[in-house]
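The structure under discussion appears below in the form of structure tokens.
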Ligand SMILES: C[S@@+](CC[C@H](N)C(=O)[O-])C[C@H]1O[C@@H](n2cnc3c(N)ncnc32)[C@H](O)[C@@H]1O
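This is the structure in structure tokens:
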């Protein structure tokens, strides 16, 4: 490896500086996306990182998705990116356990003029999914971590062959990569995320990878035949 490249990447500051550079380089986000980012920061609601959300929108576009599914909607931030990337006859189906959060998400989408392309279902996602047979072209999983494997199984059953599934938080705020010996510093959910990551990459139903954007996004494409 060239010296200049080794120096550059031995500097642990680089990833953050690179992320900030790219964040500022992109065009401004929409007014409702700015508002939801601000609301989420103020209220400490967990929403998808902006670079990850932009990446999701790109996945929707390159996969030509028309029917999309989101598990875990919160204030409607990632949904605004996904719905915004769908064609005009596309539909995003959102599931969240909180009626209050879904009301707030719908109000934001209405202000942004994208409410016509999004439907919502309130309840425990594993139950709600029983009523949503699909098929979907694209799905995003971003709800409680305990059910990630159940969500993935349900999503794969509902994706068309060649459909795309994205999964957030697979680096789990740096916890997934922490020394496994150092149990005392690990959150309860970290072993679940680690087991999920292994299973996601080994899943014979998918071609999959995990990319280092935001908090780590898994991307899988369902295998044909
Ligand atoms: C990380 S937030 C979703 C953020 C959203 N995707 C975004 O980026 O704007 C997780 C959401 O999952 C929802 N949730 C938690 N447990 C759930 C369950 N069992 N079924 C459905 N939704 C659930 C929470 O109410 C919360 O809104």
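Residue numbers (this note's numbering): 104 to 328. Even glycine gets a Cβ: it sits at the ideal position worked out from N, Cα and C.
C-beta contact flag for residue i and residue j at 8 angstroms
i           : j           : result
residue 150 : residue 211 : no
residue 232 : residue 250 : no
residue 152 : residue 277 : no
residue 314 : residue 162 : no
residue 193 : residue 245 : no
residue 225 : residue 202 : yes
residue 236 : residue 262 : no
residue 157 : residue 129 : yes
residue 140 : residue 180 : yes
residue 166 : residue 260 : no
residue 178 : residue 144 : no
residue 326 : residue 310 : yes
Cβ-heavy atom distance, residue i to ligand 1, below 7 angstroms
i           : result
residue 246 : yes
residue 196 : no
residue 250 : yes
residue 199 : yes
residue 307 : no
residue 273 : no
residue 330 : The chain is shown only over 104 to 328; residue 330 falls outside these bounds and no answer can be derived.
residue 177 : yes
residue 296 : no
residue 204 : yes
residue 302 : no
residue 118 : no
residue 151 : yes
residue 137 : no
residue 191 : no
residue 181 : yes
residue 154 : no
residue 211 : no
residue 228 : yes
Residue environment, residue i, which counts as buried when at least 16 other CB atoms sit within 10 Å
i           : result
residue 312 : exposed
residue 265 : exposed
residue 271 : buried
residue 155 : buried
residue 127 : exposed
residue 213 : exposed
residue 254 : buried
residue 199 : buried
residue 205 : buried
Proximal residues to residue i (C-beta, below 7 angstroms), its chain only, five neighbours per side dropped
i           : result
residue 195 : 171, 173, 182, 185, 186, 189, 220, 221
residue 252 : 299, 302
residue 164 : 188
residue 281 : 288, 289
residue 218 : 209, 212
residue 227 : 200
Residues of its chain near residue i, where Cβ-Cβ distance is below 6 angstroms and the 5 sequence neighbours each way are ignored
i           : result
residue 292 : 248
residue 258 : 242, 268
residue 307 : none
residue 324 : 267, 310
8 angstroms Cβ shell around residue i - same chain, five flanking residues per side excluded
i           : result
residue 88  : Look at the range of the chain in this structure, 104 to 328, and you will see that residue 88 is not part of it.
residue 133 : 183, 187, 215
residue 160 : 184, 185, 187, 188
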